[in-house]
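Asks:
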Amino acid sequence: MGNRSVYCLKEDGKENYFYAHYGANALSPILRLWQAMEIQKQLPGNRSLAHIFEHLDYDGGYQKERLLDGDMFFAGIEPGEVDAYEEAYVRGRQLEMWITLDVEENQCILEYNPNCPWYRTMGSYSIDLDKGLENVRRLLEYGEKHGITDFNRLLTVYHNSTGLGEKLEDARAGMQLSEYLESPQAEEQRRRYREMLEQEEPKSGQEELER
Numbered sequence: 176m177g178n179r180s181v182y183c184l185k186e187d188g189k190e191n192y193f194y195a196h197y198g199a200n201a202l203s204p205i206l207r208l209w210q211a212m213e214i215q216k217q218l219p220g221n222r223s224l225a226h227i228f229e230h231l232d233y234d235g236g237y238q239k240e241r242l243l244d245g246d247m248f249f250a251g252i253e254p255g256e257v258d259a260y261e262e263a264y265v266r267g268r269q270l271e272m273w274i275t276l277d278v279e280e281n282q283c284i285l286e287y288n289p290n291c292p293w294y295r296t297m298g299s300y301s302i303d304l305d306k307g308l309e310n311v312r313r314l315l316e317y318g319e320k321h322g323i324t325d326f327n328r329l330l331t332v333y334h335n336s337t338g339l340g341e342k343l344e345d346a347r348a349g350m351q352l353s354e355y356l357e358s359p360q361a362e363e364q365r366r367r368y369r370e371m372l373e374q375e376e377p378k379s380g381q382e383e384l385e386r
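Going by this note's numbering, the first residue of the sequence shown is number 176, and it counts up by one from there.
(1) How would you call Tyr-182, buried or exposed, if buried means at least 16 neighbouring beta carbons within 10 angstroms?
(2) Considering only the alpha carbon of each residue, which of Gly-220, Lys-189, Ala-201 and Asp-187 lies closest to Arg-179?
(3) Once you ignore the five residues that flank Tyr-333 on each side, which residues in its own chain have a CB closer than 7 Å to its CB?
(4) Could you name the residues that DSSP lists as bridge partners for Lys-189?
(5) Is Met-212 closer than 9 Å to Leu-224 when the C-beta atoms are compared?
(6) In chain order, what residues of the same chain have a beta carbon less than 7 Å from the beta carbon of Asn-290, not counting five sequence neighbours either side?
(7) How would you call Val-311, buried or exposed, if buried means at least 16 neighbouring beta carbons within 10 angstroms?
(8) The alpha helix (DSSP H) spanning Thr-275 covers which residue range?
(9) May I have the straight-line CA-CA distance separating Tyr-197 from Lys-216, to the nearest angstrom?
(10) Short check: CB of Ile-302 to CB of Glu-286, under 9 Å?
(11) What does the alpha-carbon distance come out to for the pair Tyr-264 and Leu-270?
(12) Please identify the residue among Tyr-237, Pro-292, Asp-187 and Tyr-317 whose C-alpha is closest to the C-alpha of Arg-207.
(13) How far does the beta strand (DSSP E) with Leu-218 in it extend, from its first residue to its last?
(14) Taking C-beta to C-beta, are Glu-344 and Glu-279 nearer than 9 Å?
(15) Is it buried or exposed for Asn-191, if we count other Cβ within 10 angstroms and need 16 for buried?
(16) Under the DSSP definition of a beta bridge, which residues are partnered with Met-247?
(17) Taking the Cβ atom as the reference point for each residue, do Ala-346 and Trp-293 lie within a distance shorter than 9 Å?
(18) Which residue marks the beginning of the alpha helix (DSSP H) containing Tyr-300, and which one marks its end?
(19) Who are the Cβ neighbours of Gly-235 in its own chain at under 6 Å, not counting the five residues just before and after it?
(20) Would you identify the three-state DSSP class for Ile-252, choosing helix, strand or coil?
(21) Where Lys-320 and Ile-252 are concerned, what is the direct C-alpha to C-alpha distance, given to the nearest angstrom?
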């Protein structure tokens with residue numbers, strides 16, 4: 176199970192695509208957009224959010240000169256490469272999520288890849304960006320108040336507050352059940368059950384004859 180995703184940022188009539196190796200979750204899209212918007216207020220020259228995404232590190236800071244790709248949250252996807260990513264998403268499980276941040280339409284769309292067994296029943300979700308950004312602001316305030324800085328702990332709080340935690344648990348339980356039903360252990364139990372039924376049938380028939 177990984178965290179790989181594609182982000183589509185719609186801004187000023189343009190679409191820009193990014194690959195995020197650890198971006199397949201419900202919190203990162205809004206959190207990274209919130210960080211980028213805060214940085215945008217401070218940068219001269221009216222820099223686009225797409226530009227800031229290209230320079231955003233894992234700590235949410237702006238790196239004027241990009242660090243190594245492994246230290247940056249996003250990697251830009253060239254226009255000619257988008258189709259290959261779309262095909263990989265539709266046909267396989269290498270990409271866990273496809274995320275759209277539509278600044279103009281005030282929408283964030285989270286699509287969970289059904290090819291990933293742990294997300295098979297998740298589907299897609301749409302939230303208003305302004306509400307999502309306000310929720311992230313409150314989440315960060317809550318984290319600061321309670322000394323929570325670890326991203327995974329913040330993500331757990333976010334999942335629980337939005338109801339996604341329960342849906343993710345249900346999806347994983349479904350995956351575990353499917354894996355068990357397809358396992359050698361389950362097949363062995365089914366075989367033994369069939370044998371038991373076959374042994375019981377003649378006895379029942381014999382009892383009827385004796386009556």
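We put the beta carbon where it would ideally sit given N, CA and C, even for glycine.
Replies: Let's see:
(1) buried
(2) Ala-201
(3) Ala-201, Leu-202 and Leu-314
(4) Glu-186
(5) yes
(6) Gly-267 and Arg-268
(7) buried
(8) Not the alpha helix (DSSP H): Thr-275 falls in the beta strand (DSSP E), residues 272 to 277.
(9) 26 Å
(10) no
(11) 6 Å
(12) Tyr-237
(13) Segment: none, Leu-218 is in no beta strand (DSSP E) and carries neither H nor E.
(14) no
(15) buried
(16) Asp-232
(17) yes
(18) No alpha helix (DSSP H) contains Tyr-300, which is instead part of the beta strand (DSSP E) from 299 to 303.
(19) Gln-210
(20) strand
(21) 37 Å
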